[in-house]
Amino acid sequence: MKMKTLSHVLFLTVLIGLFSCENQSTEVQTSLKEVYKDKFLLGTALHVQHTNGLRKESSVVVEQQFNSIVAENCMKPEELHPSEDEYDFTDADVFVQYGEKHNMFIVGHTLIWHSQVPEWFFLNDKGEQCSREELINRMRDHIYTVVGRYKGRVQAWDVVNEAIDDIEGLRKSKWFEIIGPEYIELAFKFANEADPNAELYYNDYSLILPHRRTEAVRLIKKLQEKGLRVDGIGMQAHYGIDYVKIHEFEKSITDFAALGIKVMLTELDISVLPFPTEEISAEISQKYALVPEFDPFTTSLPDSMQTKLASNYVDLFKILLKHQDKISRVTFWGVNDAHTWRNNWPIEGRTDHPLLFDRKNNPKKAYHAIIELGKEPSKG
133 MKMKTLSHVL
143 FLTVLIGLFS
153 CENQSTEVQT
163 SLKEVYKDKF
173 LLGTALHVQH
183 TNGLRKESSV
193 VVEQQFNSIV
203 AENCMKPEEL
213 HPSEDEYDFT
223 DADVFVQYGE
233 KHNMFIVGHT
243 LIWHSQVPEW
253 FFLNDKGEQC
263 SREELINRMR
273 DHIYTVVGRY
283 KGRVQAWDVV
293 NEAIDDIEGL
303 RKSKWFEIIG
313 PEYIELAFKF
323 ANEADPNAEL
333 YYNDYSLILP
343 HRRTEAVRLI
353 KKLQEKGLRV
363 DGIGMQAHYG
373 IDYVKIHEFE
383 KSITDFAALG
393 IKVMLTELDI
403 SVLPFPTEEI
413 SAEISQKYAL
423 VPEFDPFTTS
433 LPDSMQTKLA
443 SNYVDLFKIL
453 LKHQDKISRV
463 TFWGVNDAHT
473 WRNNWPIEGR
483 TDHPLLFDRK
493 NNPKKAYHAI
503 IELGKEPSKG
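Be aware that the sequence shown starts at 133, since it is given in my numbering, and climbs by one per residue.
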């Protein structure tokens, strides 16, 4: 009798254990990358502390939720190429190894940009502005070296970043000033030569604004007419609550897709904080003073704002799902609210809440809303 009772206990214990394992497995599978796996890639930007083990809890979120990663800073010229005769691939190598370990689609960011590029690029040995030929040679060396190092390992590159001016035409950056508008063509040419199999993208902000969208279409067409390969366009999506006009957002997607290229949201976050000017931009040089009225949620985000943030994300994802045949990737610019760049831009020291995970890596209402939306049967 005792043996029979013991056997029943053991049997029940095994059943409970199996049931628990199934529940745990189901939890893990409920993730962004799982729900959207047949639609488009879900990515995030990584700080070096995600890949070197210093942000372990956040890294768990990355590995559970995302199937694509982009380098937040460690592949920018000032990090990789601090002086003419010096390259430092320490952090970039770890970033790429991390992506390979977790079987992720790896995006290098960024080869040519007006910001976060060391001043030596543009100076000769006398400290004066260098010649056109000299800068072209430096660009070629930089792109060949960086892209060549990760040939076959990094699947895609943001070749040129933010080349369009906020008012009209192309930004009058040092690249433009010294080389001319051809610097964009040369960058794509060199990147293609360095790795013909990597996808090559143009990336820029505020591309839902009509004049910037028009300029981006003009730029891509010009590159295509010259026989240069452009595989996709990245729509940086540094938005704010109730900022996005959905019909403009959708028009940008369809206009870019009509060029025969992939369309991506590459730097998605939605700030819940008031913007200090009426002209919302993502120009990194913008800086304003910190005053209490621009930092209203220093302790927590009220439930009403959680709901509004979720609604904003759902509005975007409804359009992305409608055009999922045109969208290849959606990448959030950061893992959680604690480390988002929006805490320090355009006002340093604020407490923003723009992402899907809070400061303790807990999923927010916006996360659950996107998950549930992704589970709905396709209406296409």
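Think of the CB as a built atom: it goes at the ideal place given N, C-alpha and C, for glycine as much as any other residue.
- DSSP, reduced to helix, strand and coil, places S417 outside both helices and strands of the structure shown, so it counts as coil.
- Put simply, of N468, E314, G301, R285 the residue whose alpha carbon is nearest the alpha carbon of I268 is E314.
- Annotation: the continuous alpha helix (DSSP H) that includes K450 extends over 435–454.
- Taking a cut-off of 8 Å for Cβ pairs, the segment 202–212 and the segment 230–250 touch, as three or more such pairs fall below it.
- The Cβ-Cβ distance between Q418 and P478 falls below 8 Å.
- Membership of E331 in the beta strand (DSSP E) is indicated by the continuous run 331–336.
- The C-beta of I378 has fewer than 16 other C-beta atoms within 10 Å across all chains shown, which makes the residue exposed.
- Leaving aside the five residues that flank A389 on each side, the residues in its chain whose CB is nearer than 8 Å to its CB run, in chain order, V395, H455, K458.
- L505 is not a Cβ neighbour of T463, given a cutoff of 8 Å.
- At a Cβ-Cβ threshold of 8 Å, G466 and T176 count as neighbours.
- Here DSSP, grouped into helix, strand and coil, assigns K507 to helix.
- Around the beta-carbon of E294, 16 or more other beta-carbon atoms lie within 10 Å, marking it buried.
- Short of 6 Å from the beta carbon of N335, and not among the five residues preceding or following it, lie these beta carbons of its own chain, in chain order: D290, N293, G366, T398.
- Membership of S384 in the alpha helix (DSSP H) is indicated by the continuous run 378–389.
- Bounds of the alpha helix (DSSP H) holding D225 are 222–233.
- Taking 8 Å as the upper bound for CB-CB distance, I310 and Q248 are not in contact here, some 18 Å apart.
- Between the alpha carbons of R491 and A224 lies a distance of about 26 Å.
- Our two residues, S163 and R272, have alpha carbons roughly 41 Å apart in a direct line.
- Around the beta carbon of L186, fewer than 16 other beta carbons sit within 10 angstroms, so the residue counts as exposed.
- Judged by beta-carbon spacing, V404 lies beyond the 8 Å limit of F426, meaning their Cβ atoms are not closer than that value.
- In this structure, the beta-carbon distance from R345 to S384 falls below 8 Å.
- Boundaries of the alpha helix (DSSP H) harbouring D273: 264–281, taken from the DSSP string.
- Here the alpha carbons of D469 and Y499 stand approximately 13 Å from one another.
- In this structure, A326 keeps its C-beta atom at 8 Å or more from the C-beta atom of Q287.
- Only exposed fits L422, as fewer than 16 other CB atoms lie within 10 angstroms of its CB.
- Under the DSSP assignment, H370 falls in the beta strand (DSSP E) whose first and last residues are 370–372.
- Among the bridge pairs identified by DSSP, W245 is matched with N293.
- Among the bridge pairs identified by DSSP, S200 is matched with G175, F237.
- Judged by DSSP secondary structure, F308 falls within the alpha helix (DSSP H) whose first and last residues are 306–311.
- By the C-beta density criterion, R264 is exposed, having fewer than 16 other C-beta atoms within 10 angstroms.
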